[in-house]
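Going down the list, the sequences are from chains A and B.
Counting from 1, position 43 in the first sequence corresponds to residue 35 in this note's numbering; the numbering is continuous, with no gaps.
Counting from 1, position 969 in the second sequence corresponds to residue 970 in this note's numbering; the numbering is continuous, with no gaps.
Beta carbons are placed, not taken as given, at the ideal position from N, Cα and C, and that holds for glycine.
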Amino acid sequence: MAGEASTKPPADSEHHEAQTPPPGEPINLIAFCCNWCSYAGADLAGVSRLQYPPNVKIIRVMCTGRIEPEFLLHAFELGIDGVLVCGCHIGDCHYISGNEKAEVRINTLKKLMDMIGIDSRRLRLEWVSASEGTRFAETVKDFKEQIEKLGKNKIYIAQS
Amino acid sequence: MEKIGAVMIAGGGIAGMQSALDLADSGFKVYLVDSSPTIGGAMSQLDKTFPTNDCAMCIMAPKLVETGRHHNIELLTNSSIKDVKGEAGNFTIKVTKTARRVREDKCTGCGICTLFCPIEVPDSYNKGMKLRKAIYVRYPQAVPPTHTIDMEHCIGCGICESQCKANAIEYAQSDEERELNVGAIIVSPGFDEFNLELMRREYGFGLFPNVISSPQLERMLSATGPYRGLVLRPSDGKMPKKVAFIQCVGSRDRSIGNPYCSSVCCMFAIKEAVIAQEHNQGLQAHIFFMDMRAYGKEFDDYYIRAEQEHGILFTRNNRIADVSQDPKTQNLILNYIKDGEMKSEEFDLVVLSVGMVFPKDAKNLAEKFGINLNEFNFCDTDIFNPTSTNIPGIFVAGAFEAPKDIPGTVAQASGAAAHASALVSGQRDTLVVEKTFPEEIDIGGQDPRIGVFVCHCGINIGGVVDVPEVVEYVKTLPNVVYAEHNLYTCSQDTQEKIKQIAQEQNLNRVIVASCTPRTHGPLFQNTIRGAGLNPYLFEMANIRDQCSWVHMHEPDKATDKAKALVRMAVARARLLEPLPKSEIEISPSAIIIGGGVTGMNAALMIAEEGYDAYLIEKTDKLGGIVNRLHYGLRGEDIRKYLTELKSKIDSNDKIKVYLNTTLENFSGFVGNYEAELNVNGNKETLKTGVVIVATGGKEYKPEEYMYGEHDRILTQLEFGELLNEGKVKGKEFVMIQCVGSREEHRPYCSRICCTHAIKNALKIRELHPDSKVYILFKDMRTYGFREIYYEDATREGVLFIRFDNETKPKVSKDGDGIKIEVLDHFIQEDVALYPDYLILSPATLPNEGNYDLAQMLKVPLSKDKFFLEAHMKLRPVEFATEGVFLAGLAHSPKFFNECISEANAAVSRACTVLSKRIMEAYSAISVVDEFKCIGCGTCEEICEYHAPSLVEKGSGKLVSEINKALCKGCGACAVACCNGAITTLHFKNDQILSMVESAAEELKRESSKPAEEAQTGASTSGAD
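1) Which residue or residues does DSSP assign as beta-bridge partners of C56/B?
2) Just to confirm the assignment: which complete alpha helix (DSSP H) runs, minimum length 4, are found wholly within the segment 737 to 807 of chain B?
3) Going by C-alpha to C-alpha distance, which of E637/B, G785/B, L858/B, K562/B sits closest to E677/B?
4) What residue does the alpha helix (DSSP H) around N20/A start on, and which one ends it?
5) Let me check understanding here. Comparing Cα to Cα, which of V952/B, E962/B, C944/B lies closest to C971/B?
6) So G993/B contacts chain A; which residues on that side make the cut at Cβ distance below 9 Å?
7) Which residue comes first and which comes last in the beta strand (DSSP E) that contains Q248/B?
8) Rounding to the nearest angstrom, what Cα-Cα distance links F880/B and L350/B in this structure?
9) Going along chain B, which residues have a C-beta under 8 Å from Q43/A?
10) Closer than 8 Å by beta-carbon distance: list the chain A residues that pair up with M44/B, in chain order.
11) Counting only Cβ pairs nearer than 7 Å, list the residues of chain A close to F670/B.
12) State buried or exposed for N1036/B, treating a residue as buried only when at least 16 other CB atoms are found within 10 Å of its CB.
13) Is M293/B helix, strand or coil when you go by DSSP?
14) Can you give, in chain order, each stretch of the beta strand (DSSP E) that sits fully within the segment 168 to 232 of chain B and has at least 3 residues?
15) Taking the alpha-carbon of S89/A as reference, which of V77/A, T100/A, G57/A has the nearest alpha-carbon?
16) Do S583/B and N673/B count as a contact pair if the criterion is CB distance below 9 Å?
17) Between Q248/B and chain A, is any beta-carbon pair separated by less than 9 Å?
18) Using only the alpha-carbon positions, how far apart do P518/B and P556/B sit?
19) Using a Cβ-Cβ cut-off of 6 Å (strictly less than) and excluding sequence neighbours within five positions of A37/A, which residues of its own chain qualify?
20) Output the distance between the C-alpha atoms of V692/B and A888/B, rounded to the nearest integer angstrom.
21) Go to M857/B, then tell me how far its alpha helix (DSSP H) extends in each direction, as first and last residue.
22) By the criterion of Cβ-Cβ separation under 7 Å, what are the contact partners of M996/B in chain A?
23) On the DSSP letters alone, give me the boundaries of the alpha helix (DSSP H) that L65/A sits inside.
24) Along the chain, where does the beta strand (DSSP E) containing H71/B start, and where does it finish?
25) Do you know whose CA, among P836/B, Q829/B, A295/B, lies nearest G816/B's CA?
26) Closer than 9 Å by beta-carbon distance: list the chain B residues that pair up with I72/A, in chain order.
27) For a test of the three-state rule: what should DSSP assign to Y642/B, helix, strand or coil?
28) So, is E219/B buried or exposed, given that buried needs 16 or more other C-beta atoms within 10 angstroms?
29) Can you look up M553/B in the DSSP assignment and give me helix, strand or coil?
30) Of all the options K86/B, R101/B, A100/B, which has the alpha carbon lying nearest to the alpha carbon of I94/B?
31) Once DSSP output is grouped into helix, strand and coil, what is the label at N91/B?
32) With 9 Å as the threshold, decide whether the Cβ of M569/B is near any Cβ in chain A.
33) Which word fits N507/B, buried or exposed, when buried means at least 16 other C-beta atoms lie within 10 angstroms of its C-beta?
34) Quick check: what's the CA-CA separation for S112/A versus A94/A?
35) Based on Cα-Cα distance, which residue from D561/B, G533/B, V735/B, E953/B lies nearest to L834/B?
36) How many Å lie between V914/B and C900/B at the Cα?
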């Protein structure tokens, strides 16, 4: 994180300050989960009582192929610190290829994010099947740690 | 005699409920009779189910509620059967409904009476470990929720009567006689537990307080049990550190009259051990077993995980002979043999894995119905008719037929339902009433009026999340006009309450904050339909599976998150719109893929139900793998059965058989599937309503033990054929089990091979009485009544030598003969055998074609490449894709009778679709705005279902049009449309964005303070 700050010349000192989250300020994450695999996987994490950080709130969509890049950008614009998109493993999509479409869109969006100054690591695409409760819980844990290292979402703080 | 379109089911456990729902959904009136005051049976007492650790009540509650509220199911609880007259197609049954002294039409199940009742008695639901009142309901989610006065203990003080606001108490209520007229009967009374008092001398049950039964432990593990999910020692309430499980108590024991295996206790014990270790930190479970019978789908994986990941200790032993107690500590001492040495070990708690015995009512039922019982007082059936009793028109399902697990029970229940409905199929729809919902309220122009119901789910949510606080918070949200909390929002009385409140408060959106919409969404949608609301005006917030259960140790944060989740639901609910329902016609026919015994039975049953069956077989003859079987375990004539089955199929004009045929392409949707066939190289297209996958499995060709290198090394099937032809000559025979099964790369058990080996071993002994037979095995898994034949084999002098993956037998050539070397664990010495024949018991493999077929049908495969059903416990014969079903070996290895049960079960489930003629279609699909569409065709290109197509409109403009029946509502086209012309209903952009915005809202509120601090910090540093 320190490296990230030093390689990029800070636009202003406020930005620089804002990068280090004040202690206790919660990281705010959302996860888009497809109805058939990942939402069920998240449920399984619950059934198996696998504990993960409460920072993440899940939004159910029928398929990751339904996710408009607009949803993701808007989330960052509103101050969400990280967005997780979880879908069926490639080949397992309930709608055959929705997850492949999502993958293409998200990879493109990540490039765009870097261009406009939102660290693309704030957006992560993961495949989680209905039987991978552990994978879901681990993913959330890992993602939260990663976002914590990145700090709060700058765009939003700059706006406020 | 005229046939009657109604069925009576005796026993309202999971079997009775499944049969009832199948029949009621296929156009028959059902009377569900249970001697208990509530339905739900034994499954209602379970905490978790193996091998998925699903919460039993969570998966069962929707079925309970559905059964309770079904307009074509009449519940007769607290009732017993007095008399049966008549014959198949028309029975008259006298039923006595014992007075519960509380009026079912008035009691709301509020439970106030139980608060005031002064009498406390041991609660049998909690196995005597908790107290209940003399007026009580069996369990919180009970259906019906009506309370009952236990007259044995009631002192008649009248306090409950004075406290009941609903005036439901009626002391003077008398027993009621009912006469039912039905066409068929299904008997499903379940099972009873072996009476452990009989083992008092051996294990001290009832004598030593810290010796408990496995069902008692199950209640301890349950959140609604005596200790809220903790395992505590009955003697001192302390947390036990060391817990021993003793297997086969009351099972596999001829000395007590139960020589059979109870089929479920091994897995039950592993599950309890895993959950107990989870609930009590530092608890070490130790299971003492004879054979580990993890024979079902993905059971062995569970067993391996329990040992390797959860660290549960397993010790193979002869049955533990006795348990003694240290009188000071009340700890228990077990003696056992490990690695050839006698050991003595102390435990804090001992759990007896109690066996299943016939239900108490068995003899009475047998007498009333005239049905035959087997020597152990279970219902007698044969392998060809696993759900038929000796009396035509009376069928059987569940544990009363033989000890079995839940999926086996559910499959039999559906199978029995198929027989019952086929018998009276001509009377379909004659006695049922149409399900009617009140006319939908037009909410156009109304501001959102949202009602929110927040669930405690017992302590599942309420134990972590501060539910009342959430409710108070919800009340402050815009457009929320009503909010309350419920102990169980899914219970039947709450459904009535939601309906009532929706009407009183003129709600036009309803939110339930509880568990997952995947299981409970449809239930609540139906509830609000009952209040005149469109089902799409319902929204759910998942504050259990995705909140309280995963943040158990952070109650404050979990409460905050629950608030946020409900707030997001409210934001979305505001924007929800009613969607019109569309209807689709159902083609009254079925395609059955696979012409083995499973497929043939399915085709025959479809025809008997009155629909057309197309039976597709890839080879040139019907019968599949059964063509290679000759006789059953009890000497049943399988050849004769197969010949008769073939001729029944040939003579049935509703069945069309396609030999040498494969499925080339498959499209469409429930009720309207289209299958492209390759029939002997010619193309043919079939239209059909449903599909049943019965593609079977195959025998593994061993690559080990020198198979193929010696003409007297054969597989069980090959040997069976030779034996049948009388070509076997020799004196010494060796069988090796688990060839290709239970290996690292193929960890599953093939289920049938142990019994197959026993069957052939007994046949060898019958034909060659002076021969010697050795069976080399890992575990003998002759579950259920098959155990009797294992016992017979032992008595016949068949020798059993155990090995494991580290000490596999070595096979080599000995001149022209065969040499086998194996370590005999018992004597701890290597032995060499020189048999005339080596017979290998190879694994049952999934078909290679499964992958392609799964892709074509768009259904999943399990990790072992068998087809994966919609739910491992409660939906064993159907896929999540509507109208596609499965049965037999395609699902996992299984026995002949199990395949037949499943074939009929798949038909029964299929009939819930076929009997409809017109079905309501999914409404949350994508629609095109003609004015925005520029006719670019991107949607047409991207859609996997070919739902959109470009059509020319009046002005000559090309626009996209989406076929409602083909659209699955995935929303890919909406995202792809460059002009925003496509909207995915129920998942519209603004509906999703509102949730994102609402999720971010919290940040604004919560971060306002820290952000200020940050600014202050910045200025301070600036000053520096």
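Concretely, from the data shown:
1) Paired residue(s): K49/B.
2) 754 to 768, 788 to 796
3) L858/B
4) Run containing N20/A: none; DSSP gives neither H nor E here.
5) C944/B
6) In the sequence on display, residue 993/B carries Ile and not Gly. Under the 9 Å cutoff, chain A gives F24, I51, V53, R58, I59, E60, F63.
7) 243 to 250
8) 42 Å
9) V551, H552, M553, H554
10) Simply none; closest approach about 16 Å.
11) What F670/B touches in chain A: nothing, since even the nearest Cβ is about 13 Å away.
12) Residue 1036/B falls outside the range modelled here, since chain B spans only 2 to 1025, and no answer is possible.
13) coil
14) Qualifying beta strand (DSSP E) stretches, in chain order: 177 to 183, 185 to 188, 212 to 214.
15) When each option's Cα is compared against that of S89/A, the closest is G57/A.
16) Judged by beta-carbon spacing, S583/B lies beyond the 9 Å limit of N673/B, meaning their Cβ atoms are not closer than that value.
17) no
18) Straight-line Cα distance between these residues: approximately 23 Å.
19) Result list for A37/A: G125, F128, A129, in chain order.
20) 11 Å
21) 851 to 858
22) Correct list: I51.
23) L65/A -> alpha helix (DSSP H) spans 61 to 69.
24) For H71/B, no beta strand (DSSP E) run applies, since DSSP gives it neither H nor E.
25) P836/B
26) Those are V997, A1000, A1001, L1004, listed as they occur along chain B.
27) helix
28) buried
29) coil
30) Cα-wise, what sits closest to I94/B is K86/B.
31) strand
32) yes
33) Burial check for N507/B: the Cβ neighbour count within 10 Å stays below 16, so the residue is exposed.
34) 16 Å
35) V735/B
36) 22 Å
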